[in-house]
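Shown next, in structure tokens, is the structure this report addresses.
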Amino acid sequence: MNFFEHQSLARRNSRVMVLLFLLAVAAVAASVDVVIGYAYLWSNGALLTVPLAAVPKPVYVWGAIATVGVVLVVSLFNVARLGGGGATVAEMAGGRRIAANSTDPAERRLLNVVEEMAIAAGLRVPQVYVMDGERGINAFAAGWDASSAVLAVTRGALEALSRDELQGVIGHEFSHILNGDMRLNIRMLGVLAGIVFIGSIGAFLMRNTGDSRDSRAVAVSFAAGLALFVVGYVGLFFARLIKAAVGRQREFLADASSVQFTRNPDGLCGALDQIRSAAGGALISSRAAEDLSHMFFGESIRLRLGGLLATHPPLDERIERINPKFEASGYAKKRAAAPTAAVASESAVGLAGEVAPNGRRAADAGVAWGRSPEAAAGLVGKLDAGKLAYAARLLAALPAPLRNAVRHADSAAAAMIALLLAPKEEVMLRQLEAVKRATTLAVQVEALVPATRGLGLGFHLPVIDLALAALKTAPEATKKQAIAGLEAAAYADRRVSLHEFVVLTLVREQLAPRAKPAAATKKIADLRGAAAIVLALVAQAGTRADAAGAREEALCAAQRAGAQVLGITEEAVAKATLTLDAARGALEDLKALAPMQKAVLVKGLFAAITADGTVRVAEAGLMRLVGAVLDCPLPPLIAELDPATLQA
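Right under this line is the structure:
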């Protein structure tokens, strides 16, 4: 399945989870009614003489209503509490956010791995947390959507795993991000809390029976508390059963995706083998371990009925599926003989040239595009080992001053602004003057001009993603400075290019307070106007400025190709309102498309830019930026071009 199909399946699984939840609530309510029935008979001195059926029906009805009400209120409260997304979950687990400029060798290695994988997958670089108090080998990804994901890794994993093994674990978690599992997992975390809350009420009653002189009342209260505590275990059983039912196949899929991404099955097998041989395995000591058990890389809690209630398949079975020929003893010897992996070098090995060997501007360099629009849309969210190698080369090609700048909030903002400066000297000076009037970042921006001036468009989104990772946790004043500086640079020459507009839209959206995304259920038929605007923009940007007649013909061909896929008329595209406000509103509206409808939209946009049979660097960069805004992560599209020289 592709990215959109996985997203759609995850939403269907959410509905299955809700059904299972309702069945579990019914079972818990029935169990509580039994407790209430016996308590009623006991309080009336008829426990041994009157059957439960004799208890007045209103007692059961109100008992069920109260139970369901408590469960729903607690569940809704927890879902609301988790509105902060992945950061809230990571902090719940005792995580500490790793600063983008961390110099701790183990943390630096982890950040490098995450950055490489994010750039290769076209994802925004996730915030990374370390659970310092956890010695077990484990990790998880959390968040409401791919753009707001966070990754959390235990200290035990950082210290015990080699770079290849760590990469395998992070690849597994990236699969959960891209397959839509996080949204389902975070919903389960909130919803299932209500089911197990009944046990907490029972524990409270047992602890607070008081020292009343009425021994009978004390006994009834304690017995009712004990019974509810037992019912809590019924709720816990159902909660674990739901998590197990939803989670196991997703773990197999994430393992397979990780191997596809890294092309190194022994790395992931080695990580699982390290869990198998470690004294603490993957166990988590935090009191949140039970609640988060379905989110972790490995089984985080001890289970007596492991085969029935385990949220993860057995380690041996996972290793067997990944690599049937894996030999733990042979791997251990090879691992012991290998040198300790050092932190990846941050030195620059080259710059992306502005001019390709054939004399054309870098934005015009490109490659023949042999994929159909449908195959091109299938690249969204695709984990590809070739792109991982490309991302590593791209990061190594960044100038050292720029690489260091994106790790600090102020200089990260300056780096993004510097990317938008025009190549013409007089225009750039006007932009710098505008930035100076709007912000206090002008000096830093000017200092980074030598590092960004020669960067081709293929570098823009990766640099922005690296900068956003540092900016997302910065004070609001710093975020406002970044946006003000970008606006000043974009508006200084009194015209805003589509590239500048999309960069601005992406940064604004990423730096805005993250709320739980609204349900994505719309169809393109519901948003024809918005689809026409975005298609018109992409077609305009992808049409070369050749002779006027040829350009008009190429533009019509691009609009026609996209309109046919989207099921809208060419006239609607030709007459689309191409203003900044209209474009911003269109992109915002299109986020509400259902997953499979987003697939159609991306296919239509690809049909437009590939109508001439090629994809240029400018078009590839634009598609990746649009995909980032729409939460449709696209990996680097033209990996055939050397990132250091932009030579084909």
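When the sequence shown is numbered by the numbering used here, its final residue is 644 and no position is left out of the sequence of numbers.
By construction, the Cβ of each residue, glycine as well, lies at the ideal position given by its N, Cα and C atoms.
Model, not experiment: these values are computed from the prediction.
Residue range of the unbroken beta strand (DSSP E) whose run includes residue i
{"i": "F293", "result": "No beta strand (DSSP E) contains F293, which DSSP labels as neither H nor E."}
{"i": "A148", "result": "146 to 150"}
{"i": "R612", "result": "610 to 612"}
{"i": "F322", "result": "Careful: F322 lies outside any beta strand (DSSP E) and carries neither H nor E."}
{"i": "F136", "result": "135 to 138"}
{"i": "V126", "result": "123 to 127"}
Cβ-Cβ distance between residue i and residue j below 8 Å
{"i": "N181", "j": "M113", "result": "no"}
{"i": "S712", "j": "S253", "result": "The structure shown has nothing for residue 712, since the chain only spans -3 to 644."}
{"i": "G118", "j": "R620", "result": "yes"}
{"i": "P631", "j": "D287", "result": "no"}
{"i": "L174", "j": "A142", "result": "yes"}
{"i": "A485", "j": "A430", "result": "yes"}
{"i": "T610", "j": "A364", "result": "yes"}
{"i": "L467", "j": "A408", "result": "yes"}
{"i": "V423", "j": "D489", "result": "yes"}
{"i": "A102", "j": "E169", "result": "no"}
{"i": "V57", "j": "G33", "result": "no"}
{"i": "R104", "j": "D128", "result": "no"}
{"i": "I271", "j": "L237", "result": "no"}
Endpoints, the alpha helix (DSSP H) within which residue i is located
{"i": "F497", "result": "494 to 507"}
{"i": "F73", "result": "53 to 77"}
{"i": "V402", "result": "First-last for V402: undefined, no H or E at that position."}
{"i": "V165", "result": "159 to 174"}
{"i": "V85", "result": "82 to 88"}
{"i": "T606", "result": "Element bounds for T606: n/a, residue is neither H nor E."}
{"i": "L467", "result": "456 to 467"}
{"i": "V534", "result": "524 to 537"}
{"i": "S273", "result": "261 to 273"}
{"i": "V439", "result": "438 to 448"}
Spatial distance of residue i from residue j (CA atoms)
{"i": "L68", "j": "F193", "result": "10 Å"}
{"i": "E549", "j": "M592", "result": "31 Å"}
{"i": "F(-1)", "j": "L586", "result": "17 Å"}
{"i": "R524", "j": "L562", "result": "9 Å"}
{"i": "A393", "j": "G558", "result": "35 Å"}
{"i": "A20", "j": "T84", "result": "26 Å"}
{"i": "A274", "j": "L425", "result": "60 Å"}
{"i": "A590", "j": "E483", "result": "31 Å"}
{"i": "G349", "j": "V625", "result": "Confidence is the limiting factor: at G349 the pLDDT is only 29, short of 50, which leaves the residue's position unreliable, though a coordinate-based value still follows. Answer to the nearest angstrom: the Cα atoms are 27 Å apart."}
{"i": "R298", "j": "R131", "result": "15 Å"}
{"i": "A418", "j": "A388", "result": "27 Å"}
{"i": "K378", "j": "L583", "result": "22 Å"}
{"i": "A595", "j": "F497", "result": "23 Å"}
{"i": "L597", "j": "I529", "result": "12 Å"}
{"i": "K518", "j": "I564", "result": "16 Å"}
{"i": "A473", "j": "G276", "result": "44 Å"}
{"i": "K420", "j": "A470", "result": "32 Å"}
{"i": "Q506", "j": "A306", "result": "36 Å"}
{"i": "Q3", "j": "A250", "result": "14 Å"}
{"i": "P47", "j": "R77", "result": "43 Å"}
{"i": "D627", "j": "L457", "result": "14 Å"}
{"i": "V503", "j": "G59", "result": "51 Å"}
{"i": "S39", "j": "V214", "result": "11 Å"}
{"i": "L16", "j": "R8", "result": "13 Å"}
{"i": "A405", "j": "Y386", "result": "26 Å"}
{"i": "R93", "j": "Q123", "result": "7 Å"}
Nearest residue (CA-CA) to residue i, options the options
{"i": "F218", "options": "A35, S273, D406", "result": "A35"}
{"i": "P309", "options": "K321, G294, R298", "result": "G294"}
{"i": "V648", "options": "T45, V24, T99", "result": "Summary: the structure shown does not reach residue 648, with the chain confined to residues -3 through 644, and so no result is reported for it."}
{"i": "R556", "options": "R399, G326, A535", "result": "A535"}
{"i": "G266", "options": "V70, E323, G231", "result": "E323"}
{"i": "L416", "options": "V441, R399, D406, A434", "result": "V441"}
{"i": "D160", "options": "Y327, R433, H404, I238", "result": "Y327"}
{"i": "T606", "options": "L633, R580, I238, P629", "result": "L633"}
{"i": "A568", "options": "G581, R547, A527, A588", "result": "A527"}
{"i": "T573", "options": "A546, A604, L531", "result": "L531"}
{"i": "G164", "options": "F73, D262, V227", "result": "D262"}
Nearest-angstrom Cβ-Cβ length linking residue i and residue j, presumed shorter than 8 Å
{"i": "V255", "j": "I191", "result": "Contact doesn't hold; Cβ gap of about 35 Å is too wide."}
{"i": "M412", "j": "A480", "result": "The Cβ separation is near 12 Å, so there is no contact."}
{"i": "F257", "j": "G167", "result": "4 Å"}
{"i": "V613", "j": "L453", "result": "5 Å"}
{"i": "L500", "j": "L533", "result": "Going by Cβ atoms, the distance from L500 to L533 rounds to 14 Å, so no, they are not a contact pair."}
{"i": "A86", "j": "Y125", "result": "4 Å"}
{"i": "R314", "j": "L268", "result": "6 Å"}
{"i": "A135", "j": "A153", "result": "6 Å"}
{"i": "G623", "j": "V376", "result": "6 Å"}
{"i": "S27", "j": "V230", "result": "5 Å"}
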